[in-house]
Amino acid sequence: MKKTSQKNRMIMSIISIVVGLLMVTIIPFLVQTSLERVLVGLTEHVKAGNPTFSSGIPLFDFFYPIWRAVIFVAGAALIVISQEIKKGEEWTYQIGMSLFALPAIGGMFMFLPYVSWVEGFPLPMLISMIGLTGYFSFIFLRKAETMQKWVRFAALTFIGMLSTHAFTIGIGAQRTMATRPGYPFYQDFTWWLFNWVGEVNWVAVILLFMSIPLLAIGKRKGWWLAVIGTIAILMIDAPTQFIRTKTLDYLYGSLLALGVLFFTMVPFFKKHLLEDEAAEA
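If you read the sequence shown in the numbering used here, its first letter stands for residue 1, the second for the next number, and so on.
This is the structure:
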C-alpha cells in the first residue's frame, strides 16, 4: 500500500467510508425487506402444495439476519480502518478485501431464493453491488501491473461466486434433510449423499474465504487454500450431479470450480497471480 499513490489511497479510504456507511445504515433494511418477501413467496409456495419446502422458512429466517449482522460489523470495521488505509498500512488492504467480500457473497446468497419464489426486482443484488464496488475498486486502485490486476480480478471474482454457490448448496442440503422421507433416518445412499455434499461445500467455503485476503496480495498460502477448497467442491459436486440429476446445481458448482482452477492453475495466470511467481519470471 505504501507504493500506491496518495491520491489512490485517499480514494480507497473514501470508498471504505461510503461503503461502510451503506453497510450499517441501508443494507440492514434491504436485508429485512428481502427476507419478508422471500418468506411470503416461500409460504405461498408451500400452501400451493409443496410442503417439503416448509423447512426453508426457518433456515432463511435464521441466515438472513446472521448475514445482516456480519455485514453490519464489517461495515463498522471499514469505517474504523479507513484512516489507516489512507496512511498506506499494508494490513488494511487484506482486511478491506475480506470486508468487502462479505456483502458481495451474502447479498448473492440472499438473491438466489428470488429466482424461485419472489417476483420483482431482487433487492439483494443491491447488497452485492455495494460490496463489489469496494472489492473491485481496491483491486484496481492498488499499485500493481495491469495484467496482474486483471488476473486477480478474474480469480477473486470466481472465488467469490463459488463461495456463494457453495454456501447455498449447504443451505439447500439442510432444507432437504429436514423434510426427507422417514426423518430422522436415511432411506438410501442418495439421501445421505445430500447431507455429505452440503457440508463439504460449507467446509470449502471457509477455505475459499480465507484465501481472498492472501491471494489479493499474491501470497502462495492463499493459492493453496483456494485450490484445495475448489478441488474439494469439484470432487463432491461432479459425481453428485450424475447421481442426483433432478437439479443442475451441482453442475453449476462444478463449472464455477473449473473457473477458479483455470485462473489459479494455468501457468500464465498463476505467474501473474502470485508475487513470488512474478518475481521469478
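Heads up, the beta-carbon is just placed ideally off N, CA and C, and yes, glycines get one too.
> Buried or exposed: which applies to Ser5, given that a residue is buried once 16 or more other Cβ atoms fall within 10 Å of its Cβ?
Replying inline: exposed
>> Which complete alpha helix (DSSP H) runs does the stretch 144 to 189 hold, if anything under 4 residues is left out?
In response: 146 to 178
>> If I follow the unbroken alpha helix (DSSP H) through Gly56, where does it start and stop?
In response: 56 to 87
> Cβ atoms of Ser55 and Ala166: under 8 Å apart, would you say?
Replying inline: no
> Going along the chain, which residues of its own chain have a beta-carbon closer than 7 Å to the beta-carbon of Leu274, five neighbours each way excluded?
Replying inline: Gly218, Arg220, Trp223
>> Output needed for Leu193: all residues of its chain with C-beta closer than 8 Å, excluding positions within five of it in sequence on either side, in chain order.
In response: Thr240, Ile243, Arg244
> Thr264 lies in the alpha helix (DSSP H); which residues open and close that run?
Replying inline: 249 to 265
> Which same chain residues, not among the five before or five after Ser211, have their C-beta less than 6 Å away from its C-beta?
Replying inline: Gly222, Leu225, Ala226
> Ends of the alpha helix (DSSP H) at Pro113?
Replying inline: 90 to 117
> Exposed or buried, what is Val40 when buried is set at 16 or more other beta-carbons lying within 10 Å of its beta-carbon?
Replying inline: exposed
>> Counting C-beta neighbours from all protein chains within 10 Å, is the total for Tyr183 16 or more, i.e. buried, or is it exposed?
In response: exposed
> Smallest Cα separation from Lys3: which of Ile66, Tyr93, Phe136?
Replying inline: Tyr93
>> Less than 8 Å between the C-beta atoms of Ile27 and Pro113, yes or no?
In response: no
>> For Ile71 and Pro122, what's the separation of their Cα atoms in angstroms?
In response: 18 Å
>> Let me check understanding here. Comparing Cα to Cα, which of Val38, Glu84, Val151 lies closest to Leu215?
In response: Val151
>> Please classify Gln174 as buried or exposed, where buried requires at least 16 other C-beta atoms within 10 Å of its C-beta.
In response: buried
> Among the residues of its own chain, which have a CB less than 8 Å from the CB of Ile79, if the five just before and after it don't count?
Replying inline: Ser16, Ile17, Gly20, Leu21, Val24
>> Please list the terminal residues of the continuous alpha helix (DSSP H) segment that includes Met129.
In response: 124 to 141
>> Please give me, in chain order, every unbroken run of the alpha helix (DSSP H) with length at least 4 that falls completely inside the stretch 202 to 246.
In response: 220 to 243
> If you compare alpha carbons, which of Thr43, Gly75, Ala74 is closest to Phe60?
Replying inline: Thr43
>> When you compare the CB positions of Trp202 and Gly170, do they come within less than 8 Å of one another, or not?
In response: yes
> Is Lys2 helix, strand or coil by DSSP?
Replying inline: coil
>> Could you check whether Ala257 and Leu156 sit closer than 8 Å to each other, using their CB atoms as the reference points?
In response: no
>> Let me confirm a value: Ala279 is counted as buried when at least 16 other C-beta atoms fall within 10 Å, else exposed. Which label applies?
In response: Confidence at Ala279 is low in this model, with a pLDDT of 49, below 50, so the placement of that residue should be treated as unreliable; the coordinate-derived value is given next. Classification for Ala279: exposed.
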